[in-house]
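Asks:
In the working numbering, the protein residues as written are 813 to 1257.
Okay, here's the thing in structure tokens:
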């Protein structure tokens, strides 16, 4: 099958490369000339495990190519995937300017009948909007059919998820178009669920909203655990053994971030509001998450008091491990708040440093190693649970910091190891260790 993919962000690039890997001839289209040049040389512009390896293999096999030209990319394409961004407006609604632009680009360049597949996360009814835009502007005699095929990829494991997903959702109002897209996806060996386009669009939003709700729920339970003396890890494990609940997304921390959950929860609240429904539950999920991101700052103020001139290390800056994505990362509001409190902020991340420079305040000092960030620090905040941070020798904190005061926003260390290592250790929803230690009193905390 000859396939074109418009947009080479996380979704578009992973989609294009994966479709080439199962035997299709794929052309990825992006208007950024520098980015296309990098990809044409076999380099991935994003950090995603195993992606670059697949890019090189399929480019070498002549199944994968990149271009800035829609006329070149869409020439003789049987199927065209739209995978452009849908950022949010200030009110939370989805910004569809890139969707509309992609539809017009298709209409202006298309010279044959084709099936258009929407991978981007879009409000209910958008696929009908795309078809209308194309049909109104395309050359006479050319027909298109639209299929909604939402993605359910996790950044940091997107390639793995593509080949090991739980389901592939295909929403088509035309049976033939749905059949074609089903046949394309059969080699993945993943269960396929067929429905109409509007239901498929809603499945994507509903899925992300539900997962975000689980995260905010377990974080609220963690906050209660701290007050009553329970351990959130034991509570979550006990809950997760109920198959109706499951243990996924029951890990307490400082909230969700990234390009999907924050944007999609706000968009679904707006979709509901536009249809005269007040989605009170989801509003609370968003409110809880925003508050949870400030949890470590509040803990630090409770223990250390005035943060003026305190040197604080932020360990991990990306919104999650195994990605360099900084969108809606917890490190952003935390860094801003610490600087407002008068602290000196040092940031470390094994992959996201360059991206972080564009998202974090200029006053943040970026470090090349964990050791550098911890040197003479008054406190360390663990923001992202990178394996490098989880597996570090815990004596590093005492060796480099003024006082080994660690605020762990991802519960990276067992309480036993933290205690054995002499850490002054505050985590989420678990008992603390060392707060009566003489080293704390010495530090004036």
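The beta-carbon is built from N, C-alpha and C at its ideal position, and this holds for glycine as well. These figures come from a predicted structure and were not determined experimentally.
Just to check my reading of the structure: residue 1077 and residue 1142 have Cβ atoms closer than 8 Å, yes? What is that Cβ distance to the nearest angstrom?
Replies: With 8 Å as the limit, residue 1077 and residue 1142 do not qualify as a contact, their Cβ atoms being about 16 Å apart.
Asks: Return the chain-ordered list of same chain residues with a C-beta closer than 8 Å to the C-beta of residue 1096, the five sequence neighbours on each side being excluded.
Replies: Cβ within range, chain order: 1028.
Asks: Can you tell me which of 978, 932, 977 and 1184 puts its alpha carbon nearest to the alpha carbon of residue 1071?
Replies: The option with the nearest alpha carbon to residue 1071 is 932.
Asks: Contact defined as beta carbons within less than 8 Å: I believe residue 908 pairs with residue 949. What is the distance between those atoms, to the nearest angstrom?
Replies: Between residue 949 and residue 908 the Cβ distance is about 16 Å, and since that is not below 8 Å, they are no contact.
Asks: Verify whether the separation of the beta carbon atoms of residue 954 and residue 922 is less than 8 Å.
Replies: Cβ atoms of residue 954 and residue 922: closer than 8 Å.
Asks: If you draw a straight line from the alpha carbon of residue 979 to that of residue 985, how long is it in whole angstroms?
Replies: Cα-Cα distance, rounded: 19 Å.
Asks: In the structure shown, what three-state DSSP assignment does residue 876 receive?
Replies: In this structure, residue 876 counts as strand in the three-state DSSP scheme.
Asks: Looking only at its own chain, which residues have a Cβ that is under 6 Å from the Cβ of residue 1153, when we skip the five neighbours before and after it?
Replies: Within the same chain, residue 1153 has close Cβ partners 1119.
Asks: Write down the C-beta distance between residue 1221 and residue 1108 rounded to the nearest angstrom, noting that I regard them as a contact closer than 8 Å.
Replies: At roughly 5 Å, the Cβ-Cβ gap stays under 8 Å, so residue 1221 and residue 1108 are in contact.
Asks: Check whether the Cβ atoms of residue 1240 and residue 1193 lie closer than 8 Å to each other.
Replies: No, the pair does not count as a contact, with Cβ atoms beyond the cut-off.
Asks: Roughly how many angstroms lie between the CA atoms of residue 881 and residue 1224, to the nearest whole one?
Replies: Each residue's Cα considered, the two are about 46 Å apart.
Asks: Could you pull the DSSP bridge partners for residue 1220 from this structure?
Replies: DSSP, once it has assigned bridges, lists 1194 as partnering residue 1220.
Asks: Grab me the residues of residue 1050's own chain with a C-beta within less than 8 Å of its C-beta, minus the 5 sequence neighbours each way, in chain order.
Replies: Once the five neighbours on either side are set aside, residue 1050 has no close Cβ partner at all.
Asks: Report all residues from its chain with a CB closer than 6 Å to the CB of residue 1259; omit the five preceding and five following residues, and keep chain order.
Replies: Residue 1259 is absent from the model: the chain starts at 813 and stops at 1257.
Asks: Evaluate residue 1133 with the Cβ neighbour count: other Cβ atoms within 10 Å of its Cβ, from every protein chain shown; 16 or more gives buried, anything less gives exposed.
Replies: Label assigned to residue 1133: buried.
Asks: Mind checking who residue 1005 pairs with in its DSSP beta bridge?
Replies: DSSP lists 981 as partners of residue 1005.
Asks: To the nearest angstrom, how far is it from the Cα of residue 988 to the Cα of residue 969?
Replies: Cα to Cα, residue 988 sits roughly 32 Å from residue 969.
Asks: With contact counted as at least three CB pairs below 8 Å, one residue from each stretch, are the region 1009-1026 and the region 1079-1094 in contact?
Replies: Because the criterion of three Cβ pairs below 8 Å is met, the region 1009-1026 and the region 1079-1094 touch.
Asks: Which word fits residue 837, buried or exposed, when buried means at least 16 other C-beta atoms lie within 10 angstroms of its C-beta?
Replies: Buried, since its Cβ has 16 or more Cβ neighbours within 10 Å.
Asks: Please give me, in chain order, every unbroken run of the alpha helix (DSSP H) with length at least 4 that falls completely inside the region 883-971.
Replies: 909-921 and 938-949, all fully within the region 883-971.
Asks: Please report the residue range of the alpha helix (DSSP H) in which residue 1066 lies.
Replies: Residue 1066 -> no alpha helix (DSSP H), and no H or E assigned at all.
Asks: Under a three-way DSSP split, which group does residue 1127 fall into?
Replies: Residue 1127 falls in the strand class under three-state DSSP.
Asks: Residues in its own chain within less than 6 Å of residue 1064 by CB, not counting five upstream and five downstream?
Replies: Within the same chain, residue 1064 has close Cβ partners 1030, 1031, 1034, 1044, 1240 and 1241.
Asks: I'd like to know whether the C-beta atoms of residue 1302 and residue 816 end up nearer to each other than 8 Å.
Replies: The chain is shown from 813 up to 1257; residue 1302 falls before or after that span and cannot be answered.
Asks: Apply the 10 Å Cβ neighbour rule to residue 1254 and answer buried if 16 or more other Cβ atoms are within range, or exposed otherwise.
Replies: Low confidence applies to residue 1254: its pLDDT is 42, below 50, so where it sits in the model is not reliable, and the reading given next is rough at best. Per the 10 Å Cβ criterion, exposed.
Asks: Let me know if residue 1257 comes out buried or exposed under the rule of 16 or more other beta-carbons within 10 Å of its beta-carbon.
Replies: With a pLDDT of only 48 at residue 1257, under the threshold of 50, the placement of this residue in the model should not be trusted; the figure read from the coordinates follows. Looking at its Cβ environment, which holds 16 or more other Cβ atoms inside 10 Å, residue 1257 is buried.
Asks: Is the beta carbon of residue 885 closer than 8 Å to that of residue 871?
Replies: No, they are not a contact pair.
Asks: Quick one, which of 869, 951, 995 and 1016 has its alpha-carbon nearest residue 936's?
Replies: Here the closest residue by C-alpha is 1016.
Asks: With 16 as the cutoff for other CB atoms within 10 Å, does residue 1056 come out buried or exposed?
Replies: Exposed.
Asks: Using a 10 Å radius around the Cβ and a threshold of 16 neighbouring Cβ atoms, would you call residue 1041 buried or exposed?
Replies: Burial call: exposed.
Asks: For the region 1009-1041, which segments carrying the alpha helix (DSSP H) assignment without a break, of at least 4 residues, lie completely within its bounds, in sequence order?
Replies: The region 1009-1041 contains these whole alpha helix (DSSP H) runs: 1009-1040.
Asks: Go ahead and pull the three-state DSSP assignment for residue 1158.
Replies: Strand at residue 1158.
Asks: Taking the alpha-carbon positions, what's the residue 1113 to residue 848 distance?
Replies: When rounded, the distance between both Cα atoms is 47 Å.
Asks: Within its chain, find whatever has a CB closer than 7 Å to the CB of residue 1047; leave out the 5 residues flanking it on each side and keep chain order.
Replies: 1033 and 1037.
Asks: Going along the chain, which residues of its own chain have a beta-carbon closer than 6 Å to the beta-carbon of residue 824, five neighbours each way excluded?
Replies: 817 and 895.
Asks: Under 7 Å Cβ to Cβ from residue 1150, same chain only, skipping five residues before and after it: list those, please.
Replies: Answer for residue 1150: 1109, 1119, 1124 and 1157, listed in chain order.
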